[in-house]
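This report concerns only the one structure given below.
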Amino acid sequence: MSETTEPSRLDGAEPPPQRAAAALRFDPGTDPAPRVVAAGFGTMAEAILRRAREAGVPEVTSPLAPVLARVPPGQAIPAALFEVVARIMALALELDRQMAGGLAGRARGPDLAARWGLASGADSPAGAGSSGGAGAPAGSRSGPVRGGGGSWDTPPGGSAPPGRPDPDDGRSQA
Numbered sequence: 001m002s003e004t005t006e007p008s009r010l011d012g013a014e015p016p017p018q019r020a021a022a023a024l025r026f027d028p029g030t031d032p033a034p035r036v037v038a039a040g041f042g043t044m045a046e047a048i049l050r051r052a053r054e055a056g057v058p059e060v061t062s063p064l065a066p067v068l069a070r071v072p073p074g075q076a077i078p079a080a081l082f083e084v085v086a087r088i089m090a091l092a093l094e095l096d097r098q099m100a101g102g103l104a105g106r107a108r109g110p111d112l113a114a115r116w117g118l119a120s121g122a123d124s125p126a127g128a129g130s131s132g133g134a135g136a137p138a139g140s141r142s143g144p145v146r147g148g149g150g151s152w153d154t155p156p157g158g159s160a161p162p163g164r165p166d167p168d169d170g171r172s173q174a
C-alpha cells in the first residue's frame, strides 16, 4: 500500500510529501491473517513499489497505506483492519483474474474499486496482490497498496475471520 503523507516540521516550512507503501502476504493455508512483508516511507516505499511493478504485481491506491506502513514486516495486520484489507485483497484477486483472462487490469481497476467500496487514485489502478512478487514466496498472495489522497480516520470494526485466531490475542505471533 502506499500513500503520500506530509510530516510536520517545527520550523513551519512545508516538507515535500512522503510516500508510504506496504506489501502484504496472505496464504489461507498457513497464515491466520494477512502479514506485512515489506513496509516503509519515502525511498523505501519507492523501492517496494518499483519491485512490485517489476514483478507485475497490481497496486491499490489507499489512504490505509500509512497505517500499514507502520506495521513491522512479518507481523499480522491489526484485527481492526481485517475487513478493509479483505476488501483490498478480494479486489486484487479480481484484477488477477482479469489480467489472466487477457483483460487490461488498469482499464478495469477503478470500476472494481467502486464496486468494492474502495477509492482509487488517478494514476494507479485499484488492486493489490498477485501470485508471488514483491518479496513473497511463490504461490502466496501479496501486493503493495499505494495510498491516494484523503484521510482514514476510523478503522472499520471487526475481528478475525470465522475459524481464524485473532492475531492480537497472542496465539499467532510472527
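All residue numbers for the sequence shown refer to the UniProt record's numbering, where the first residue is 1 and numbers rise by one.
Every residue, glycine too, gets a C-beta built ideally from N, C-alpha and C.
Considering only their Cβ atoms, is the gap separating residue j from residue i smaller than 8 Å?
i	j	result
A39	A69	yes
E55	A23	This sequence places Ala at residue 55; Glu is not what is there. For A55 and A23, no; Cβs fall outside 8 Å.
F41	M89	no
Put residue i into one of helix, strand or coil per three-state DSSP.
i	result
Q98	helix
L49	helix
V84	helix
L93	helix
S30	Reading off the sequence shown, one finds Thr at residue 30, where the question assumed Ser. Looking at T30 - three-state DSSP - the assignment turns out to be coil, as it is neither helix nor strand.
L68	helix
A21	strand
A38	strand
A55	coil
Should residue i be labelled buried (16 or more other beta-carbon atoms within 10 Å of its own) or exposed?
i	result
A47	exposed
R97	exposed
A65	buried
Rounded to whole angstroms, what's the CA-CA distance from residue i to residue j? Just pull it up for me.
i	j	result
R17	G29	Per the sequence shown, the amino acid found at residue 17 is Pro instead of Arg. Distance between the alpha carbons of P17 and G29 is about 38 Å.
A92	V57	9 Å
A20	E59	13 Å
M44	V67	15 Å
A86	S62	13 Å
residue 175	G101	Outside the displayed range of the chain (1 to 174) lies residue 175, so it cannot be described from this structure.
M99	V71	30 Å
L95	R50	19 Å
Is any beta-carbon of chain D found at less than 8 Å from that of residue i?
i	result
A86	Structure shown: chain D not included; a single protein chain is present.
For the stretch 25-39 and the stretch 69-88, state whether three or more C-beta atom pairs, one from each stretch, are separated by less than 8 Å.
yes
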